[in-house]
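The opening position of the sequence shown corresponds to residue 31 in my numbering, with each subsequent residue numbered one higher.
Think of the CB as a built atom: it goes at the ideal place given N, C-alpha and C, for glycine as much as any other residue.
None of these values were measured; they are calculated from a predicted model.
For reference, the structure discussed in these notes is given below.
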Amino acid sequence: MTDLTSDRRISGHGVATIIGAWSRPGAAYAALADALRQAVLSGSLPLRTRLPSERELADALQVSRTTTTAAYDALRDEGYLVSRRGSGTVTTLPERLPRPGAPLTRPTNLDDDVVDLTTAAPQAPEGLHDAVRDALDLLPRYLPTTGYSPAGLPELREAIAARYTERGTPTSPDQVLVTTGGQEAIHLLVAAHAGPGDRVLLEHPTYPHALDAVRAASARPVAVPSGPDGIDLDLLASTVRQASPRLAYLIPDHRNPTGTSLSADDRARVRDLAQRTRTLVVGDEALTDLTLDGPEPASFAGDGAGTHVACLGSASKTFWGGLRIGWVRAHRDLVGRLTAQRAHVDIGSSVIDQLVVARLLADRDAVLTQRRVMLRERRDLLRDLLAQRLPGWTPNLPPGGLALWVDLGAPVSSALAALAPRHGVRVAAGPVFGVEPGLERYLRVPFTEPPARLERAVDGLARAWAELGAADREPARAEPSLVVV
């Protein structure tokens with residue numbers, strides 16, 4: 031049975047803003063139905079959203095009520111809307127369309143002949159070897175101890191706290207918990223706040239492993255669309271008020287996968303929303319250091335006074351994925367709770383890795399200067415290669431992060447990802463990043479590989495695209511028959 035539980039309500043003006051210029055030659059109701067269907071499938075109009083009445087939408091679009099009624103009726107018949115007395119009209123999906131849930135898996139049989147672009151992570155920086163050598167020199171002082179540090183080594187917590195303070199968020203070491211990678215930080219925060227059936231708000235699209243953490247807790251992910259201009263803060267606020275999530279997970283800087291960032295004003299609005307609604311808002315700052323154009327974004331935590339804002343970071347993107355070190359910056363009471371909870375599954379991170387990260391943080395400016403130059407060159411190269419070999423695709427040009435978010439012009443992302451390995455490249459399809467179904471028009475393409483491998487990858491994608499036959503398609507409306515899984 032279709033779930034009529036509504037996570038949010040959207041106004042007629044809100045619908046008009048989302049669908050934009052929708053009219054075209056032919057029957058007006060059919061054009062409106064097409065626009066609404068496309069909005070549902072793309073995720074810009076989330077599932078379980080209560081739509082305005084036919085009259086309210088007609089007034090907002092300046093059309094007759096007959097037009098909106100006929101459009102709603104057509105979408106009900108197709109399974110994109112469902113209505114019951116007292117519940118209003120709610121967005122949904124036909125049963126024949128696929129639901130999200132396939133996790134982003136890593137290949138176990140890595141082949142050098144296949145360029146793996148499913149992972150957006152850089153290689154180790156030049157300074158890593160020196161940092162490891164320095165860490166080994168410091169190791170003897172810890173050998174007389176047990177080596178366990180549930181909250182993290184004091185010197186690393188101090189280094190992380192100093193970094194937040196430098197960015198304008200006064201922080202003491204007892205407001206920092208060191209974790210075994212950023213993924214553990216996400217799991218700890220979700221598990222501490224949400225259980226079976228509880229709502230957790232996420233942007234759509236988002237980081238797939240954050241979705242994994244929500245589903246592992248048997249919590250219910252609630253999507254707020256975030257498009258080329260970033261997240262809709264009005265819709266975010268209304269969703270928080272109506273869905274009452276236990277936790278909201280956002281990526282404020284160079285968001286994976288779309289590359290957008292919150293402005294300083296938007297960050298302030300989110301912090302105010304967190305305090306007013308007493309909803310913990312988690313800002314994943316794993317990509318903050320990888321700003322390639324313009325100034326580094328302001329700290330998501332602001333002045334750090336808010337008790338309902340937490341930040342998490344990771345050494346994996348800034349330095350190297352082989353360093354399994356992440357952290358949480360939050361109110362000291364929450365840090366204490368997370369430390370106690372962590373002890374059930376993990377009683378401390380690697381001492382060597384923590385010492386290495388502390389050393390890299392001390393030398394971060396030199397390390398990151400080289401890294402940013404390299405990533406900027408590879409980003410621009412990848413965009414040029416795509417323009418040359420796949421001119422029908424529309425990639426963005428993010429000012430930071432590790433990947434391009436590419437509009438393919440047709441909803442064939444999953445099919446392309448399935449074909450690509452036989453042409454020497456492996457990619458993650460758009461739906462992998464979806465909180466809800468859709469995103470078949472999009473593909474994430476990281477620019478972390480060396481130039482020669484990026485060229486091989488784009489050549490492989492071009493061959494797969496040609497085999498798919500999608501290059502000859504007209505940019506398609508999101509009809510059900512065109513959704514490829």
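Rounded distance between the beta-carbons of residue j and residue i, thought under 8 Å
{"i": "Pro203", "j": "Ala215", "result": "About 16 Å; that fails the 8 Å criterion."}
{"i": "Val252", "j": "Pro275", "result": "6 Å"}
{"i": "Pro476", "j": "Ala240", "result": "Incorrect: roughly 18 Å between the Cβ atoms, too far for contact."}
{"i": "Arg308", "j": "His338", "result": "6 Å"}
{"i": "Gly336", "j": "Gln305", "result": "6 Å"}
{"i": "Arg354", "j": "Pro180", "result": "Incorrect: roughly 16 Å between the Cβ atoms, too far for contact."}
{"i": "Ala101", "j": "Ser94", "result": "About 11 Å separates the two Cβ atoms, so there is no contact after all."}
{"i": "Pro461", "j": "Leu411", "result": "Not really, about 27 Å apart at Cβ, beyond 8 Å."}
{"i": "Gln205", "j": "His361", "result": "7 Å"}
{"i": "Phe463", "j": "Pro235", "result": "4 Å"}
{"i": "Gly182", "j": "Ser344", "result": "The pair is not a contact, with the Cβ atoms about 13 Å apart (cut-off 8 Å)."}
{"i": "Trp357", "j": "Leu420", "result": "With 8 Å as the limit, Trp357 and Leu420 do not qualify as a contact, their Cβ atoms being about 39 Å apart."}
{"i": "Arg401", "j": "Pro152", "result": "7 Å"}
Neighbourhood of residue i by C-beta distance below 7 Å, restricted to the same chain and skipping five residues each side
{"i": "Arg11", "result": "Outside the modelled stretch of the chain, which goes from 31 to 515, sits residue 11, for which no answer is possible."}
{"i": "Arg106", "result": "Val112, Ser113"}
{"i": "Gly454", "result": "Asp143, Val144, Val145, Arg486, Gly490"}
{"i": "Leu498", "result": "Val442, Ala445, Leu446, Leu449"}
{"i": "Ala222", "result": "Arg367, Leu368, Gln371"}
{"i": "Gly131", "result": "The predicted model places Gly131 with a pLDDT of 44, which falls under 50 and marks its position as unreliable, so this point remains unresolved."}
{"i": "Arg197", "result": "Ser329"}
Which residues DSSP lists as bridging residue i, in chain order
{"i": "Ala90", "result": "Partner(s): none; Ala90 has no beta bridge."}
{"i": "Ser113", "result": "Thr119"}
{"i": "His234", "result": "Pro255"}
{"i": "Gly313", "result": "Leu280, Cys341"}
{"i": "Thr199", "result": "Beta-bridge pairing links Thr199 to no other residue."}
{"i": "Gly430", "result": "Thr321"}
{"i": "Tyr472", "result": "Asp437"}
{"i": "Thr79", "result": "Arg38"}
{"i": "Gly332", "result": "Paired residue(s): none; Gly332 is not in a bridge."}
{"i": "Val358", "result": "Leu207, Leu342"}
{"i": "Ala459", "result": "Leu473"}
{"i": "Pro425", "result": "Val436"}
{"i": "Arg367", "result": "Answer is none; Arg367 lacks a bridge partner."}
{"i": "Arg229", "result": "Arg250"}
Same chain, Cβ closer than 8 Å to residue i, five either side skipped, listed in chain order
{"i": "Leu292", "result": "Gly260, Ile261, Leu280, Pro282, Asp283, Val300, Pro327, Phe330"}
{"i": "Tyr178", "result": "Ile377, Gly378"}
{"i": "Phe349", "result": "Ala154, Pro155, Leu158, Val387, Leu390, Val397"}
{"i": "Leu415", "result": "Leu484, Glu485, Val488"}
{"i": "Ala90", "result": "Ser41, Gly42, His43, Val45, Ala46, Pro82"}
7 Å Cβ cutoff, residue i in contact with chain C
{"i": "Tyr172", "result": "Annotation note: the requested chain C is absent from the structure, which comprises a single protein chain."}
Cβ shell of residue i (< 6 Å), same chain only, five flanking positions each side left out
{"i": "Arg39", "result": "Arg80"}
{"i": "Ser72", "result": "Gly468"}
{"i": "Val518", "result": "Outside the modelled stretch of the chain, which goes from 31 to 515, sits residue 518, for which no answer is possible."}
{"i": "Leu317", "result": "Asp283, His284, Lys347, Gly431"}
Residue i Cβ short of 6 Å to the ligand NAD heavy atom set
{"i": "Arg193", "result": "Among the components of this structure there are no ligands whatsoever, and the ligand NAD is therefore not found."}
Is it true that the stretch 42-54 meets the stretch 63-76, where meeting means three or more beta-carbon pairs spaced less than 8 Å apart?
The stretch 42-54 is in contact with the stretch 63-76.
Under 8 Å: do the stretch 114-121 and the stretch 75-83 share three or more Cβ pairs, one atom per stretch?
Yes: at least three Cβ pairs fall under 8 Å.
Can you check the stretch 237-306 for any alpha helix (DSSP H) of at least 4 residues that lies completely inside it and give the ranges in chain order?
Complete alpha helix (DSSP H) runs here, min 4: 238-246, 263-273.
Taking 8 Å as the cut-off, does the stretch 309-329 touch the stretch 429-443 (at least 3 CB pairs, one atom from each stretch)?
The stretch 429-443, when compared against the stretch 309-329, does touch it at the 8 Å Cβ threshold.
So, does the stretch 226-235 touch the stretch 389-408, judging by three or more C-beta pairs under 8 Å?
In this structure the stretch 226-235 does not lie against the stretch 389-408, because fewer than three pairs of beta carbons, one per stretch, are closer than 8 Å.
Please go through the stretch 140-206 and give each complete alpha helix (DSSP H) segment of 4 or more residues, from N-terminal end onward.
As far as the stretch 140-206 is concerned, its whole alpha helix (DSSP H) runs of at least 4 residues are 158-168, 184-196.
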